[in-house]
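Under mature numbering (1 follows the signal peptide of the UniProt record, and there is no 0), residues -16 to -1, 1 to 176 are what the sequence shown spells out, in order. By construction, the Cβ of each residue, glycine as well, lies at the ideal position given by its N, Cα and C atoms. First comes the structure, then the notes that go with it.
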Amino acid sequence: MKVFVLLLFAALSSCAVLQSNEFISRAVILAGNHNNVYFLPYESGTAHYVVQGYESLFSHHGDFAIDFKMKPGTKVMAARSGVVVFVRQSTARGGVGKRYAGTGNGVTVKHSDCSFAHYWHLQQNGALVSVGDSVEQGQCIGLSGSTGFSAFPHLHFEVTRALQKKRTSFPVPFLTEKGAKFLQPLRRYKAM
């Protein structure tokens, strides 16, 4: 099983697309003025690899989402303060077949600028917040897993302007040891 996961990780990594600053800058302009910097969605002092970045070919084509490789049960922290507007934590199922699409566990937080942060693939019963809860940046909101359309344990993080199916995602900068940066695939980032 470990060999399969390593091979799958290598295959996913080869699908990653390194974006130029120009590409990301255009996307930010299209999304509107977005001055908020996000904290990495895991515990301060810990580091995780970005295994899939914005617009990656494997499963992020057309989406500005980030996948952080995480062991099941890793604490997921709110990247910004806001109010919880969605929680699903009922499934234990996960895999890469079409039957898993849209079935993963997750938490969605609405921010003061009306953007929404989505935290997906949480483990079953892994949401540590409820709809209506106010959360602070850095608060533990869930536990990572591998539910829904997921080949291995990771956290899928995405910021959108709406909750509907045809929502628009956009890239956001994260606070790293080297300042506010747009994250790149195949790199490890330590939370401040």
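First and last residue of the uninterrupted beta strand (DSSP E) at Gly88: No beta strand (DSSP E) contains Gly88, which DSSP labels as neither H nor E.
Spatial distance of Gly29 from Ala175 (CA atoms): 5 Å
At which residues does the beta strand (DSSP E) containing Val68 begin and terminate? 66 to 72
Sort Pro169, Lys165, Arg171 by Cα distance to Tyr22 and report the nearest one. Lys165
Alpha-carbon spacing of Gly88 relative to Lys59, whole angstroms: 17 Å
How long is the line joining the alpha carbons of Gly110 and Phe136, rounded to whole angstroms? 16 Å
I'd like to know whether the C-beta atoms of Ala63 and Leu127 end up nearer to each other than 9 Å. no
Specify, as a first and last residue, the run of the beta strand (DSSP E) that Lys165 falls within. 163 to 165
Would you say the beta carbon of Phe166 comes nearer than 8 Å to a heavy atom of the ligand FMN? No copy of the ligand FMN occurs in the structure displayed, which carries no ligand at all.
Starting from Phe48, follow the beta strand (DSSP E) in both directions and report where the run begins and ends. Phe48 -> no beta strand (DSSP E), and no H or E assigned at all.
Along the chain, which unbroken stretches of the beta strand (DSSP E) at least 3 residues long are found entirely within the stretch 86 to 132? 89 to 94, 100 to 111, 124 to 128
C-alpha distance - Ser118 paired with Leu112, whole-angstrom precision: 12 Å
So, at 6 Å on beta carbons, what are the nonlocal neighbours of Phe133 in its own chain, with the 5 sequence-adjacent residues on each side left out? Tyr84, Ala85
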